[in-house]
Amino acid sequence: MAVAAVKEYNFPPADTVDKFHGAQLLYIGWEDHLMFCAPFAFPFPPTMRFGDILVGVLPGVYGYHPDFAQIDWAKAEWFKSGKPWQPDVEKSLAENGLKHKDVIRFRTPGLTGIKGSCS
Amino acid sequence: MSNVFIALQTNEDTRQIIEAIVQDNPHAVVNEQPAMVKIDAEGKLVVRRETIEELIGRSYDLQELQVNLITMSGNLDQTDDEMILYWNA
Amino acid sequence: MDMQVAKKKLGLKERYAVMTRGLDWTPSYQKMEDIYPYMAYEGIKIHDWDKWEDPFRLTMDAYWKYQSEKERKLYSVLDAYIQSNGHLNVTDARYLNTVKLFVSGISPLEYVAHRGFAHAGRQFPGPGPRVACLMQSLDEIRHAQTQIHAVSNYNKYYNGMHDFHHAHDRVWFLSVPKSFFDDAITAGPFEFMVAIGFSFEYVLTNLLFVPFVSGAAYNGDMGTMTFGFSAQSDEARHMTLGLEVIKFILQQDPANVPIVQRWIDKWTWRGYRVLTLVAMMMDYMLPKRTMSWKEAWEVYFEQNGGALFKDLARYGITIPKCTEHIALEKDHLSHQAWSTFYNYAAATNFHTWMPDADEMEWLSAKYPESYDKYYRPRMEFWREEAAKGNRFYNKTLPMLCQTCQIPLVFTEPGDPTKICYREVDYKEDKYHFCSDHCKKIFEDEPEKYVQAWLPVHQIYQGNCFPEGTDPTVEGFDPLAAVIKYYHLEFGRDNLDFEGSEDQKNFAEWRGQATKNA
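Chains as they are written, first to last, in our numbering: chain A, 9 to 127; chain R, 85 to 173; chain D, 1300 to 1816.
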């Protein structure tokens, strides 16, 4: 369905990748840890190594949570757009098939938040 | 039948208006809340000018109610003599 | 000597007929569609504008009379309140944060509503609706003005309100109410009337004003209570107009029914999402609570809205489907919202805090199904950490919903442990949503919502720093630059209530008011 309009209605989208100065948006969520109220939005260059997110970015973002230090990344389960997905930490975002505004989540089996409340 | 309601500010203007509403609508339930009074009634509620006039001892224009009205619910029909709130179903 | 014979006064119905009918003329040398260019494109068919009637039968002469009386009452109370240093009588200084939220989130909407109704009134060819829209347009600008006047007194003493309109157009969470109203005024006049006149005023406004104003009264805030009630006294008329609009449009042509139904579905959901702010205000921000959000929702939506939609069934209108989803959220909404603002307290124009032990007891009593199980653990953890000097501040920007612009903080309907994610591929890009309802609204009019000014994306595009900022310099602090762009002062307008300047000043001034220094 189209917008009801008195004349031609055609405007550019506000968030195309060309507007992010060489970066692309990636959204990341940590399942069962809702103390972080929402998934995060990051502007990353597509050439960034996926493993650098785990080592260089996530500790600053999620480190406040007592569960974070206990994560065994080898056991983490990943999802892209809600479907199981396996990233290669050695490869770049682009080589992992991640495009502008993709959303990925990870689950850390055994870790279920403050007192098991998924917080 | 569902409830209609009217809510008025709690003040000296509305004290007798509420009394009049209760007099004319025996099925109405008065619910006092911080700074306001909510009156619920099943199906229909009538605010009558004459009853208010008897209680306040002067002539009254039902549109004066606007000054102290907070909210209401239901279909409305207002004339010189009555303000009626009602549901059809 | 001539006897003076009192002229018979016109009855209400006659006066209304005289003052709202036959005021216009049929154009002879201009086409109707050129004079009223927005009447056809939304697909609504109107055959007889005279069928529109205001059941209050309010005419302009009576309107001025009662409105001026309301203004006189309001300003005499405000004067007395200000002269007696009434601000020191509020329950405690945490309360003031609801006023900040109100003036930056709601008052600017009153002004936009003023413009919206002026526009709708101009576009409708019938004099009945024109008069009703004129009155509402005047009401709305009165609300904006009286609210700003009333709150300006608080602004002399407390932080976060000093540039509320600048904030409204920029601050991340204020894009939620702003984009809601921008969406409405950029729609056609009929959709605007269904959106604001009906869905917001009739179905939802009770949830905004009644708890807010009653809450102000309960917390000793006579200033807010008075402007609130003064505004609210106009709302009964707005609600009545909203209901009459719907009935009128539906009666005019059966082809209008599906269009109106889609608008009701859309705007009930849009309005409900904005009320997230009210939910957390009621359950967390009022030091003395009047009722819980859940109770207010049950009284004002489930009972009252239920009655309304039963009444509208005769026209073929059904209760919006989203109400099933909302029923599942009512145990969770306020807790998820307050957690969000606690997370992002470094980027707001008001303070947040964790409830104390008594308040947590109240929350578990009001929310026995959800509070202790899902929310108490995180809040106790936050409180303990804050006591150790390790207050949680989330400084990474969140993912936002493309439609309502709220971060993706809401959980799956029926599963409060899982964030609800929805997405759509449209043309070259992906778009994300907090719910099926926001996704559906996007899918109905994607060309409109792809233009959304999402604060997080705007920050990452570099559009939310003060002019001349160079984000490439060594040690650039984006949050500090964004706070400057918002015209907020870090450490004064934002962060936790505990330790804030508001807290300190209020305690000191209240002490002066009760003791001889």
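C-beta: ideal position from N, C-alpha, C; glycine also. None of the values given here were measured: they were computed from a predicted structure.
Contact annotation: R:Gln100 and R:Ile154 have beta-carbon atoms that are not nearer than 8 Å.
For A:Ala77, the CB contacts under 8 Å within the same chain, skipping 5 residues up- and downstream, are Gly71 in chain order. DSSP, reduced to helix, strand and coil, places D:Pro1754 within a helical segment of the structure shown. Assignment of A:Lys91 by DSSP, reduced to helix, strand and coil, places it in the strand class.
In this structure D:Asn1693 is buried. Its beta-carbon is surrounded by 16 or more other beta-carbon atoms within 10 angstroms. Unbroken alpha helix (DSSP H) stretches of 4 residues or longer found wholly inside the segment 1586-1629 of chain D: 1592-1595, 1603-1611 and 1621-1628, given in chain order. Separation of D:Asn1396 and D:His1650 (C-alpha to C-alpha, rounded to the nearest whole angstrom) is 6 Å. Three or more Cβ pairs closer than 8 Å define a contact, and the segment 101-113 of chain R falls short of that threshold against the segment 109-127 of chain A.
Straight-line spacing of the CA atoms in D:Trp1348 and A:Gly90 works out to 51 Å. With a cut-off of 8 Å on Cβ pairs, the segment 1532-1539 of chain D is in contact with the segment 136-154 of chain R, counting three or more such pairs.
A:Pro51 is not a Cβ neighbour of A:Leu62, given a cutoff of 8 Å. Annotation for R:Ile90: the continuous beta strand (DSSP E) segment containing it runs Asn87 to Gln93. Restricting attention to D:Asp1481, D:Trp1652, D:Lys1672 and D:Asp1735, the CA atom closest to the CA of D:Tyr1410 is found in D:Asp1481.
At least one beta carbon of chain D lies nearer than 8 Å to the beta carbon of A:Ile122.
Straight-line measurement puts the Cα of D:Ile1548 at about 54 Å from the Cα of A:Gln94.
With fewer than 16 other beta carbons inside 10 angstroms of its own, D:Asn1689 counts as exposed. Per DSSP, D:Gln1531 lies in no beta strand (DSSP E); the unbroken alpha helix (DSSP H) holding it starts and ends at Met1521 to Gln1551. Three or more Cβ pairs drawn from the segment 1396-1405 of chain D and the segment 1644-1660 of chain D lie within less than 8 Å of each other, which places the two stretches in contact. Under the three-state reduction of DSSP output, D:Tyr1374 falls in the helix class. Bridge pairing for D:Thr1651: D:Asp1795 [DSSP]. For D:Phe1463, the enclosing alpha helix (DSSP H) starts and ends at Phe1463 to His1467. Shown here is that no member of the segment 1429-1457 of chain D has a Cβ falling below 9 Å from a Cβ of chain A. Judged by their CB atoms, D:Phe1511 and D:Gly1487 are not nearer to each other than the 8 Å cut-off. In the DSSP assignment, D:Tyr1641 falls outside any beta strand (DSSP E) and within the unbroken alpha helix (DSSP H) covering Leu1632 to Asn1642. Judged by their CB atoms, D:Gln1551 and D:His1346 are nearer to each other than the 8 Å cut-off.
Under a criterion of Cβ atoms nearer than 7 Å, the residues of chain D adjacent to A:Met43 are, in order, Arg1677. Using a CB distance cut-off of 8 Å, A:Lys91 does not count as an interface residue toward chain D.
Between D:Val1749 and D:Lys1738, the C-beta spacing is not below 8 Å. Interface annotation, D:His1650: not in contact with chain A, CB-CB separation never under 8 Å. In this structure, A:Ala49 and D:Leu1696 form a Cβ contact; the two beta carbons are roughly 5 Å apart against a cut-off of 8 Å. Ranking D:His1624, D:Thr1445 and D:Tyr1725 by CA distance to the CA of D:Glu1711 puts D:His1624 first. The residue from A:Asp75, A:Pro67, A:Glu103 and A:Lys123 with its alpha-carbon nearest to that of A:Pro53 is A:Glu103. Excluding sequence positions up to five before and after D:Tyr1457, its CB lies within less than 7 Å of the CB of Leu1395 and Asp1801, all in the same chain and listed in chain order. Closest by C-alpha distance to D:Gly1605, out of D:Leu1585, D:Ala1626 and D:Pro1586, is D:Ala1626.
At a cut-off of 8 Å, the C-beta of D:Glu1597 has no neighbouring C-beta in chain A. Non-local C-beta neighbours of D:Glu1352 in its own chain, meaning closer than 8 Å and more than five positions away in sequence, comprise Tyr1315, Gly1427 and Glu1543, ordered along the chain.
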